[in-house]
Every structure is written in structure tokens, then in C-alpha cells.
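Asker: Structure in C-alpha cells, see below.
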Amino acid sequence: MQLEALLNFPGALPSMPRSIADLLVEMNKEDPNPKKIAELIGQDPALTTRVLRLSNSAFFRVSRKIGNVQEAVAMLGLTHVRSLVMAAALGASFKNIPGIDLKQFWRYSLRVADISRSLAGVLRQNEGNAFTAGLIHAIGILVMHIAMPDEMVPVDMGTSPLDLQRAAAERNYFGYTYAEVGAGMAEKWQFPQEMVSALANQITPFEGEAYDRLGGLLHLASWRARAEEIQLDASGLVATFPDMIGLTLGLDLDSVLEKDPTEWSFSQALGAFID
Numbered sequence: 001m002q003l004e005a006l007l008n009f010p011g012a013l014p015s016m017p018r019s020i021a022d023l024l025v026e027m028n029k030e031d032p033n034p035k036k037i038a039e040l041i042g043q044d045p046a047l048t049t050r051v052l053r054l055s056n057s058a059f060f061r062v063s064r065k066i067g068n069v070q071e072a073v074a075m076l077g078l079t080h081v082r083s084l085v086m087a088a089a090l091g092a093s094f095k096n097i098p099g100i101d102l103k104q105f106w107r108y109s110l111r112v113a114d115i116s117r118s119l120a121g122v123l124r125q126n127e128g129n130a131f132t133a134g135l136i137h138a139i140g141i142l143v144m145h146i147a148m149p150d151e152m153v154p155v156d157m158g159t160s161p162l163d164l165q166r167a168a169a170e171r172n173y174f175g176y177t178y179a180e181v182g183a184g185m186a187e188k189w190q191f192p193q194e195m196v197s198a199l200a201n202q203i204t205p206f207e208g209e210a211y212d213r214l215g216g217l218l219h220l221a222s223w224r225a226r227a228e229e230i231q232l233d234a235s236g237l238v239a240t241f242p243d244m245i246g247l248t249l250g251l252d253l254d255s256v257l258e259k260d261p262t263e264w265s266f267s268q269a270l271g272a273f274i275d
């Protein structure tokens, strides 16, 4: 299936829930109203539950348990709440994907989100955007499995979805990768253009005319999370580290490894994605 056909395939890209659309309208205002944002989240019980699960997870290391949406907005700030809302919406949108272990997929995605946010702090980039971009960077894999499950079988058999060579395998087979698919979905959901660009460029963030620092950050974070998923040893980490991307960003292997999550399992946060 061609990329354009995939992005227009009925049911492949979940439509944005009305509650999320209303929230984004308020959050995108020049001076968003925290009270109204909390009220809009509170109108959707399922969304509220997912946001609170993420708020109280190891990601934010809050000093006390957050009991309601108003507290989440006050303690975490609008940047992080926006990330939580988008994460919760995505968690609710993808269920029972053929050929995908969703628990593994979201655990991996949460790892990338955590590492992305930590690296963004070092590189003085927007940590909220990095977190969200990390969380959704591989969402194209889910979309591809929904739209063309039979065509994905030989790709999955040859190269697992979280293999370090997955993007190369998809490009050889289809002529595009999960990165372009994910960027197409993010654009339809009206994510910030910086994030759409980062998703599209994450495989080769500094090749050709591209110079995408957020895309480069995603590349390093996803490399680290995939290396953990396939349990690379120390020599494997050295051999596979994306040296040129690290050099461009001013990050070496040790500086990336220093940003490893304190909790790789993210058992509590997974509750927002796996019912």
C-alpha cells in the first residue's frame, strides 16, 4: 500500500475525540485558562482516570499523590498536562492491533518518552514536546498494522517491530517507514509542526536538507530504548551507538546512558494504555 493510500485508509488513523479537540483549542490559546482545562478533562471520566494514572506515575516524581485534575494542572503545569492528555487519548485509540504486543509497545514508548524528556533538558529543548514526541514516535507501526495486517506479516517475521533495523526493513519493503506514517497521523491530529517534522525526520534527522534537533533527540532516545528491549550488552551498545547523530547534538554514548530511566518497567504508567 502506498503512503498516501495508507494515510487515507478508513479506520487506520483514529479520529480525534471531541473532548481532546476541545482541550487542544483551549491549550493552543495565547493565554489558556487552567481552570477551564481542568473542567474539560473532568467532563470525560475515562480521560480523567488515564491522566491521573500518568500524573502519579514515576515520570513526574510528585511529592504527594495527585487526587484530581485540578491538582494535576496546578502541580505539573500546562505543558506536562498537554502531554498527558495526548498520551491518554492515544492510549484509548489503539486496541487489539494484529501482530503487536501492545503492553510491550507502550512500555517501549514510555521509555522513549522518558529518555527524550531527559535529553531535552540537557539540550535546552522543550521537555513537554520531547516527552510527547517520544511517546508517539513509533505510532506509525500501529497504523500500518491496522491498515495492512497481511502485508506486515513478512516484515515482522524478518525484523521485529522494535529491532534496531526496523526502519530499514520497512523502507526496503514499502518505500517508507513508520516515521512518515506517524508524522501523517500527527499532522491530522493537529500536533505542533515542530513535532510533525521531528517524527518525519527521526530516522535521518541530519541528512540532505534536514537539520532537526528534536528528530535527532528522538533517534537517540529510541536507539537507547530499543537497545534495552533487545538487551544489548556493553559491547553491543558501543557498536550500535549512532555516533554522527550524537556528535551533531554534542552527546556521546555515556551522556545518553546517563539519562536512562530510573524505572524501566513503567508498570504504573502502563495502566493508562492497557486496560
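Per full-length UniProt numbering, the sequence shown runs over residues 1 to 275. Idealized CB from N, CA, C, for every residue including glycine. It should be emphasised that the depicted structure is a prediction, and the values quoted were computed from it without experimental measurement.
Nearest to L119 by alpha carbon, out of L6, Q104, W223?
Answerer: W223
Asker: Could you check which residue in P14, H219, L232, P261 has the C-alpha nearest to that of D243?
Answerer: H219
Asker: Give every residue of the same chain whose Cβ lies closer than 7 Å to the Cβ of A221, excluding the five residues on either side of it in the sequence, and list them in chain order.
Answerer: V112, I115, S116, L119, G134
Asker: Please classify R61 as buried or exposed, where buried requires at least 16 neighbouring CB atoms within 10 angstroms.
Answerer: exposed
Asker: Tell me which residue opens and which closes the alpha helix (DSSP H) that Q193 is part of.
Answerer: First-last of the alpha helix (DSSP H) with Q193: 193 to 201.
Asker: Within 10 angstroms of the Cβ of V143, are there 16 or more other Cβ atoms? Answer buried if so, exposed if not.
Answerer: buried
Asker: Counting along the chain, where does the alpha helix (DSSP H) carrying D243 start and finish?
Answerer: 243 to 249
Asker: Does the region 157 to 165 come close enough to the region 26 to 38 to have 3 or more Cβ pairs within less than 8 Å?
Answerer: The region 157 to 165 is not in contact with the region 26 to 38.
Asker: Below 8 Å on the Cβ atoms is my guess for G147 versus M16; work out the distance and round it to an integer in Å.
Answerer: Here residue 147 turns out to be Ala, not Gly, going by the sequence shown. Not confirmed; about 18 Å, so no contact.
Asker: Does DSSP put W264 in a helix, in a strand, or in coil?
Answerer: coil
Asker: Is the region 4 to 20 in contact with the region 226 to 235, if contact means three or more CB pairs nearer than 8 Å?
Answerer: no
Asker: Excluding the 5 residues preceding and the 5 following L249 in the sequence, name in chain order all residues of the same chain whose CB lies nearer than 6 Å to its CB.
Answerer: A distance below 6 Å between beta-carbons, with the five flanking residues on each side excluded, links L249 to the following residues of its chain, in chain order: G216.
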